[in-house]
Every structure is written in structure tokens, then in C-alpha cells.
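Residue numbers (this note's numbering), protein chains in the order written: chain A, 4 to 140; chain H, 4 to 140. Built from N, CA and C at the ideal position, the CB exists for glycine as well. Below is one structure; the comments refer to it alone.
Protein chains: 2
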Amino acid sequence: MVEELILQQHHIKATANRITILRTLLKSKHPLSMNEICDRLETVDKSVVSRTLTLFREQGMLHVVENGNECTEYELCKSSTKEHDTDQHIHFHCIICKKTFCFENVSPPGISIPDGFKQLSVNYMIKGICPSCKNAR
Amino acid sequence: MVEELILQQHHIKATANRITILRTLLKSKHPLSMNEICDRLETVDKSVVSRTLTLFREQGMLHVVENGNECTEYELCKSSTKEHDTDQHIHFHCIICKKTFCFENVSPPGISIPDGFKQLSVNYMIKGICPSCKNAR
DNA sequence: TTTTTAATTGCAACAAGGTTGCAAGAACAA
DNA sequence: TTGTTCTTGCAACCTTGTTGCAATTAAAAA
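Right under this line is the structure:
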């Protein structure tokens with residue numbers, strides 16, 4: 004099973020809940036929040052989802068997508084490990100339908116930051132209106 | 004008074020609370036969260052701070068800085084109005100001291116986004132360790 | 001000035017997102 | 001089998017932020 008393989012690669016013990024949560028993330032086309040995962044998986048307690056997402060994050064399995072006023076979202080990293088996150092891209096958050104899109108093939112332009120600051124991660128979030136919400140008006 | 008002038012320019016009635024909150028933002032070297040403002044101003048109720056920040060935001064007086072897992076922060080716009088926000092820059096959030104810095108002279112590189120998406124705002128947030136936290140270790 | 005109307009304030013209660021303590025259950029090794 | 005560790009689910013809690021409402025204040029009209 005794909006899920007077990009991924010968990011194994013990140014040194015996480017495979018349990019039924021973890022496989023289910025991972026599968027939910029795998030199936031989704033856009034980043035999911037904790038509550039979206041809970042809604043899709045009514046059998047799993049939110050405390051388990053919370054702890055599982057923390058675990059996945061700590062093991063470098065997830066990207067954390069910060070969409071602003073709303074809640075934190077998570078998406079699977081394609082090619083990242085705990086040490087190296089090579090899979091960063093730009094996100095677009097629709098202020099109407101509240102969905103977050105990944106612009107996979109547009110990578111965030113590197114910028115030079117002032118001396119003394121140590122960069123660990125980047126979050127490039129564009130807000131606006133997505134095509135389907137734009138057309139709906 | 005500078006504060007009254009700024010409020011007037013954004014068509015906001017000047018009250019004692021609003022002037023105090025604006026002054027707090029003016030004095031700060033980095034973006035402030037609602038709670039940081041409440042801490043500095045113990046006489047003003049947090050509901051007033053909340054409503055005031057909403058008002059300031061609606062009138063284009065503030066930048067909203069999303070620092071991720073923690074809370075929303077606000078900073079004064081230098082040159083923005085309700086219609087045009089020309090004063091966007093990159094922010095750096097220190098994961099240790101939780102302070103957010105503005106990189107004033109590094110403007111976010113424009114990127115071309117896919118067709119159909121309408122861009123309204125950009126948030127470019129770098130996370131890492133700031134100079135003083137780096138030196139403290 | 002007095003009256004009427006509208007805006008602002010402060011308190012408390014609430015809501016959403018998320019975390020934590022803890023006891024019970026499952027997995028696993030000795 | 002027994003002991004140890006990990007995982008789970010429930011409830012309680014915390015934090016950030018908003019809202020209902022009555023009281024106060026400010027502004028406008030008479």
C-alpha cells in the first residue's frame with residue numbers, strides 16, 4: 004500500500020488512523036485544514052488528527068500552508084525530508100470559496116535577505132478570486 | 004496632531020481610543036498583533052481594539068501580516084489607500100522570539116500567475132531566526 | 001439650550017481552531 | 001504471560017478574536 008510506504012519512509016509507525024489521514028491528504032487536490040480532515044473522517048477524533056498532523060509535520064511529510072485569517076492548511080510534500088524542503092511553491096487563496104490552490108510550476112523567486120537573518124522556510128501566498136468564483140458573478 | 008491627521012485622511016472619526024491605538028502602531032518598529040496592542044493599552048477593552056483594527060483595515064490604513072501559526076499582525080501602511088495598496092513588502096518572522104520584521108527595501112518580486120486568477124494581495128513571509136536570537140545561542 | 005439621533009464604548013458571553021491530561025485499549029517485546 | 005510503550009478517544013481547556021447589548025458619549029436638529 005502506498006500509504007504504508009510513505010509512512011515508512013518518514014519513520015512513522017503505520018496505524019489505521021494515520022493511513023486514513025494520509026489517504027485523505029493524498030486524495031485531495033488542494034491543501035486541507037485540520038477541520039476539513041475531521042469533516043471527511045467522522046470516525047477519527049480531532050485530537051488524533053491534531054497529533055497526527057503534528058507528527059507528519061515534524062517528520063517533514065507535510066507543507067504547512069498559511070492562508071491568513073482562516074486556519075492552517077496542510078499538503079503532502081512531494082520531495083521533502085525532515086532536513087530538506089525542496090518542494091516549496093506559491094499558493095493562491097480564494098477569498099470567496101476559501102480554497103487554496105498550489106501553483107506547482109511557479110516557484111517562488113529567491114530574494115536576498117539582510118545579513119544576520121537565517122532563512123528556514125518561505126510562504127508565498129497570493130489572495131484573490133479564483134476562476135470559478137470569478138465566473139460565478 | 005499627527006494621529007488626527009492620519010485618521011482624517013482615511014475618513015475615520017477621531018476618538019481617544021482610536022488615537023491611542025494609532026499611536027501605538029506608529030511607535031512600534033514591527034507589526035503588532037491585537038493582543039500586543041491590548042497589552043500595551045490596558046485601559047482599552049479588547050473588543051474596542053478588535054473593532055478599531057477592523058475599521059482601520061477596511062479604510063486601507065493597515066497592512067495585514069500573516070505570520071502563520073500565531074496570530075494576525077498589523078502595521079501601518081505608508082502609502083496606501085482603500086483602493087490602492089502600493090506599499091507591500093516582505094516580512095520575516097523569527098520562530099524563536101516571535102517577532103516579525105519588515106524588509107522595507109526588498110520588494111516582493113512579481114510573478115506571473117495562471118490565467119483566470121485575479122490577484123488582490125500578496126503575503127511573502129520568510130520564517131527563520133533573527134540576528135539577535137542567532138547570536139544568543 | 002434642549003431634544004433627538006447616531007456612534008462609540010465596555011462588559012460578558014460566545015465561537016472557532018486547536019492542544020492537552022488522562023485513563024483505557026492495542027501492540028509488541030521479553 | 002507479563003510488563004512496557006504507543007496510540008486512541010473523551011472531555012476539558014487555552015487562545016485568538018468576535019458579537020449582543022446596555023450604557024455612555026458625541027453630534028445634529030429643533
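Requested in this report: Quick one: using the 10 Å Cβ neighbour count with 16 as the cut-off for buried, is H/V68 buried or exposed?
Outcome: Residue burial is scored here from C-beta neighbours: H/V68 has at least 16 other C-beta atoms within 10 angstroms and is therefore classed as buried.
Query raised in the report: Counting contacts by CB-CB distance shorter than 8 Å, is H/S142 in contact with chain A?
Result: Shown here, chain H extends from 4 to 140; a query on residue 142 of chain H therefore has no answer.
Query raised in the report: Taking only beta-carbon atoms, is A/P134 less than 8 Å away from chain H?
Result: It does: the Cβ of A/P134 has a partner Cβ on chain H nearer than 8 Å.
Query raised in the report: CB H/L120 to CB A/F120, shorter than 8 Å?
Result: Reading off the sequence, residue 120 of chain H comes out as Phe, not Leu. When the beta-carbon positions are compared, H/F120 and A/F120 stay at least 8 Å from each other.
Report task. May I ask you to report which of helix, strand or coil DSSP gives H/F59? Result -> In this structure, H/F59 counts as helix in the three-state DSSP scheme.
Query raised in the report: Which residue from A/K137, A/T103, A/N138, A/E6 puts its Cα closest to that of A/E73?
Result: For A/E73, the nearest C-alpha among the options comes from A/T103.
Report task. Kindly indicate the opening and closing residues of the beta strand (DSSP E) around H/E45. Result -> No beta strand (DSSP E) holds H/E45; DSSP gives it neither H nor E.
Report task. Spell out the partners DSSP gives H/Q122 in its beta bridges. Result -> DSSP lists A/G131 as the bridge partner or partners of H/Q122.
Requested in this report: Excluding the 5 residues preceding and the 5 following H/E86 in the sequence, name in chain order all residues of the same chain whose CB lies nearer than 8 Å to its CB.
Outcome: Unreliable placement is indicated for H/E86, whose pLDDT of 49 sits below 50; no coordinate value is reported for it.
Requested in this report: Please list the residues of the region 114 to 125 of chain H that have a C-beta atom closer than 9 Å to any C-beta atom in chain A, keeping them in chain order.
Outcome: Answer in chain order: I114, S115, I116, P117, D118, G119, F120, K121, Q122, L123, S124, V125.
Report task. Compile a chain-ordered list of the residues in the region 31 to 48 of chain A whose CB is closer than 9 Å to at least one CB of chain H. Result -> Of all residues in the region 31 to 48 of chain A, none has a Cβ within less than 9 Å of some Cβ in chain H.
Requested in this report: Just list the beta strand (DSSP E) runs in the region 89 to 113 of chain A, keeping only unbroken ones of 3 residues or longer that don't cross its boundaries, in chain order.
Outcome: Every beta strand (DSSP E) of 3 residues or more that sits fully in the region 89 to 113 of chain A is shown, in chain order, as 93 to 97, 103 to 106.
Query raised in the report: If we ignore side chains and look at the alpha-carbon of each, how far apart do H/N108 and A/I15 end up?
Result: A/I15 has its alpha-carbon roughly 43 Å from the corresponding atom of H/N108.
**Report entry** Residue range of the beta strand (DSSP E) that includes A/T75
**Finding:** DSSP places A/T75 in the uninterrupted beta strand (DSSP E) bounded by 75 to 79.
Requested in this report: Could you list which residues in chain H have their beta carbon closer than 9 Å to that of A/E69, in chain order?
Outcome: Going along chain H in sequence order, the residues near A/E69 (Cβ under 9 Å) are E69, N70, G71, N72, N126, M128.
Query raised in the report: Leaving out five residues before and five after A/T75 in sequence, what residues of the same chain have Cβ atoms less than 8 Å from its Cβ?
Result: Excluding residues within five positions, the ones whose Cβ falls inside 8 Å are S36, M37, V67, V68, E69.
**Report entry** Candidates A/R54, A/G71, A/K137: closest to H/M128 by CA position
**Finding:** Ranked by how close their Cα comes to the Cα of H/M128, the residues A/R54, A/G71, A/K137 have A/G71 in first place.
Query raised in the report: Does any C-beta atom of chain A lie closer than 8 Å to the C-beta of H/I98?
Result: It does: the Cβ of H/I98 has a partner Cβ on chain A nearer than 8 Å.
Requested in this report: Evaluate A/L65 with the Cβ neighbour count: other Cβ atoms within 10 Å of its Cβ, from every protein chain shown; 16 or more gives buried, anything less gives exposed.
Outcome: Classification of A/L65: buried, given that the 10 Å Cβ count is 16 or more.
Requested in this report: Please classify H/T57: is it buried, with 16 or more other beta-carbons within 10 angstroms of its beta-carbon, or exposed?
Outcome: That one is exposed.
**Report entry** Alpha-carbon spacing of H/I3 relative to H/L44, whole angstroms
**Finding:** Beyond the ends of chain H as shown, which are 4 and 140, falls residue 3 of chain H; an answer cannot be given.
Query raised in the report: Taking Cβ-Cβ distances shorter than 9 Å, what residues in chain A pair up with H/V109?
Result: Neighbours of H/V109 on chain A, chain order: I114, S115, I116, P117.
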